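Residue numbers (our numbering), protein chains in the order written: chain C, 343 to 704; chain X, 1456 to 1779; chain V, 165 to 234.
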Amino acid sequence: MRHIDEYRDPEQVRKLVAAIREADPPPMTIMEVCGTHTMAVGRYGIRQLLPPEVRLISGPGCPVCVTPQADIDALLGLAARPGVTVTTFGDMLRVPGSKSSLEAERARGADVRIVYSPTDALETARRNLDKETVFFGVGFETTAPGVALTLAAAARENVPNFSVYSVHKLIPPALSALLSGEAPAVDGFLLPGHVSTIIGTKAYEPIARDFHVPCVVSGFEPVDILQSVLMLARQVKEGRAEVENQYRRAVTPNGNFAAQQAVEAVFEPCDSSWRGIGVIPASGLKVRQEYEVYDALRRFGIPEMAESPEPAGCLCGEVLKGRARPADCPLFGSSCTPAEPVGPCMVSSEGTCAAWYHYGGE
Amino acid sequence: MAELIDRLFLGKLGNPVLDQRDDSGVFQIGNSYVAFTTDSFVVDPLFFPGGDIGRLAVFGTVNDLACAAATPLYISSSFILEEGLDMATLEAVVDSMRAAADEAGVTVAAGDTKVVPSGAADRMFITTAGIGLLRTDSGRPYLVSGSLARPGDAVLLSGTLADHGMAVMSRREGLEFESEIVSDAAPISGLVAQVLDVCPSVHALRDPTRGGLASALNEIARQSGVCMEVEESAIPVGEPARAACELLGIDPLYVANEGKVLVIIAPEGADAALEVMRSHPLGRQAVRIGRVLESPAGRVHLITPYGNRRILVLAHGEPLPRIC
Amino acid sequence: MCLAIPMRIVSLEGGEAVVEQSGVSRRARVDLVPGLAVGDYVLVHAGFAIAKVQEEEAIETLALLQEMSF
């Protein structure tokens, strides 16, 4: 596969592993904040390839995992209504709310459909005018532009039965919140390559500057990740704290202006609750007033909800902040498994705990 | 699902035949060794590139019998139809089943049909059951079982993975994409028979259907109390299937196959088995993918192209497309 | 959190393209990436092209890696 296989080449991987050792990194902890990175690290066994001094941990990079239970419960409430079709990315299907999941509700007769794209959700609305179609807008800055365009298209065409339940969240505010609190000792960030195609590398400069943390924007193939680790190791060794771009073939300093505009036209930032972490100011996206007809929250009168605490013993909050590993949690692998997840880190296949469970941890 | 099967079904219905946990039950009637199996088919959509629910239903049962080293002979077919299902669809499926039965050399000996109210079934569900005979030598049966894999055995795979599951996904509403991917649905009984004719030391056979290769390997590892170790770079996946998996974020090792077989065989028999498999149309790309180790028991290890090792766990549901 | 794969543009019409990778193709919206041409590679996420793959940068990245002698 073009533009993919070249970055999986075993010979390149071997050379990069050797280069990282040669760079003689001091003990350092690198945090990635992207579920796709979590999966890639697990799939390729990256941790096993790194020298013991370099520790790779996962932060709150799984949008599915950080979606509050209250929002899932609200969406399940909508799904249970006879005149409503819920459309969702596959990632959300098995995520449990406080009592049920979209998959369980579907088994009970709710009309829940998996879509690959928000455009498929709009098409579902067009084809089923006798029902309401709600699209569950999950994802970070990579996903929001497509959802924004779809919502704008619905408005332009006056599609009468389509709305978006937005739980979109933003990465840079979460990074600031992480570093402002009782931060784990994070010596460097492996930054999400695809979020960065949208927001650009410059968006992270305040983080590097204000908190003096080295940052590298990274692609997702093993060669990308290892080259990024090498770049971070060199920054740490040389005492630098800059934003560097490993993913140059896709990411630019200013990002994707058209995508940023698309989001701004339809959404506005709002305070947002991150499951396991709490409220982070200006870290979410809500539908603008002008488009309220297409905002499922307003359309269906869904009230502001209080977040319920995680079950006793669940260490997801600590795991999401990078302060605990899945194996540190007493529930991991025993009462909390992918088949029966307790906390958010296990619910999604790319949640930290699910990835550990699936790929065998360290 | 695995837990449900253990706790409820094996717990309440268990007996020495069922407790083997193979896809077919094997028992003696008089001097004959009989394999008996059943399977239900609920695929959505009903028609997909390379097949349909009818074809799947016949081959699924035929293949389970083949994996018991039995010659498939008779099958039954039970339909649950949603009220309002159009006749043309039903006819097409039944025609397909007839063709599949002929292709597999089995006779449909019994059947049933029920109609349920609209909404109570997703258009059509089919259940097939099948019966076959094991081969014997001076009265002794050639037995294979997922519980008979031994340390040192070679793990062989008859061909490329993920074609069936991705062919079905390519036509699923909301996910549609274009590709050359065609379901591999086929009766593997002929291929298996040829291998058994030539090789006396096959220990286990398994068709990696629902849950894919990873699940089949896990089941054998558990049944036999061994470790299955496979090499990622040896596992064949066709280019379009691989690209489709990348697009939807699905792991090809967990995708269903309907015309492939895993052969677990004593190491000295592996070369001969591969030669025989490759001489059969369904086994042209047969390859050794790994080996059986003594420990850790019940585990499946995957050696990545980078030489490191990761664990392949049992799937806990159908692979879902993801955007994250 | 963002699965996107590079796909080649096979045809373009207004805001919609047909994109292809190793024998798999589907339609994708290209409204977010202006100035595309048939033959270009784009990263496709949830049915939307989000960035063009810059060939020169890709070549440079790979060349740099090739130069590493280990």
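Here a beta-carbon is modelled for each residue, glycine too, at the ideal position from N, C-alpha and C. If you're wondering where the values come from, they're calculated on a predicted model, not measured in any experiment.
For chain V, the residues of the segment 558 to 582 of chain C that bring a beta carbon within less than 8 angstroms of one of its beta carbons are Val565 and Gln569, in chain order. Closest in alpha carbon position to Gly451/C, among Thr427/C, Gly561/C, Pro672/C and Asp472/C, is Thr427/C. Bridge partners of Lys216/V according to DSSP: Val206/V. The beta carbon of Glu1701/X sits closer than 9 angstroms to some beta carbon of chain V. With distances taken between CA atoms, Leu568/C lies nearest to Tyr589/C out of Ala697/C, Asp552/C, Pro651/C and Tyr589/C. Contact with chain X is found for Cys404/C, since one of that chain's Cβ atoms lies less than 9 angstroms from the residue's Cβ.
At the C-beta level, Asn503/C and Asn470/C come within 9 angstroms of one another. Counting every other CB atom within 10 Å of its CB across the protein chains shown gives Pro653/C a total below 16, marking it as exposed. If you draw a 10 Å sphere on the C-beta of His554/C, you find fewer than 16 other C-beta atoms in it, and that means exposed.
Along the segment 1605 to 1622 of chain X, there is no position whose C-beta sits under 8 angstroms from a C-beta of chain C.
Taking the C-beta atoms as reference points, Ala1490/X is found nearer than 9 angstroms to Ala1525/X. According to the DSSP assignment, His1619/X belongs to the alpha helix (DSSP H) that extends over Asp1618 to Met1624. Residue contact with chain V for Arg385/C: absent (no Cβ-Cβ distance below 9 angstroms to any residue of chain V). Rounded to the nearest whole angstrom, the C-alpha separation of Gln230/V and Gln354/C is 8 angstroms.
Per DSSP, Glu649/C lies in no beta strand (DSSP E) segment and is marked neither H nor E. Under the Cβ criterion of 9 angstroms, Phe642/C is not counted among the residues facing chain X.
For Gln631/C, no chain X residue has a Cβ inside 8 angstroms of its Cβ, as the nearest lies near 28 angstroms away. Distance from Cys1779/X to Glu692/C at the Cβ level is roughly 6 angstroms; contact confirmed, criterion being Cβ atoms closer than 8 angstroms.
The beta carbons of Ser560/C and Glu348/C sit no closer together than 9 angstroms. Contact annotation for Leu167/V against chain C: Thr378 [CB-CB distance below 7 angstroms, chain order]. Taking a beta-carbon distance threshold of 9 angstroms, Glu1694/X counts as an interface residue toward chain V. Secondary structure in the segment 420 to 493 of chain C: the alpha helix (DSSP H) runs of 4 residues or longer, each lying completely within the stretch, are 444 to 449 and 460 to 469 in chain order.
In the DSSP assignment, Ala1490/X forms a beta bridge with Val1481/X and Gly1587/X. Per the DSSP secondary-structure output, Glu584/C pairs with nothing in a beta bridge.
Annotated three-state conformation of Asp1541/X is coil, per DSSP.
Per DSSP, reduced to three states, the secondary structure at Glu224/V is helical. Around the C-beta of Thr485/C, 16 or more other C-beta atoms lie within 10 Å, and the residue is accordingly described as buried. With the criterion set as a beta carbon lying under 7 angstroms from some beta carbon of chain V, the segment 504 to 531 of chain C has no members that meet it. Going by beta carbons, Leu1616/X and Val1742/X fall outside the 9 angstroms limit.
Excluding the 5 residues flanking it on each side, Ser1495/X has same chain C-beta neighbours closer than 6 angstroms at Thr1582, in chain order.
The beta carbon of Ala1698/X sits closer than 9 angstroms to some beta carbon of chain C.
Residues of the segment 1466 to 1479 of chain X with a C-beta less than 8 angstroms from any C-beta of chain C: none at all.
Bounds of the alpha helix (DSSP H) holding Ala604/C are Phe599 to Val608. Asp1592/X is bridged by DSSP to Arg1595/X.
Cβ-Cβ distances below 8 angstroms link Asn1712/X to Leu1616, Ala1617, Asp1618, His1619, Gly1620, Asp1639, Asp1662, Pro1663, Thr1664, Gly1667 and Leu1668 in the same chain, with the five nearest sequence neighbours on each side left out; the list follows chain order.
For a cut-off of 8 angstroms, the C-beta gap from Ile1719/X to Asp1608/X is around 5 angstroms, short enough to register as a contact.
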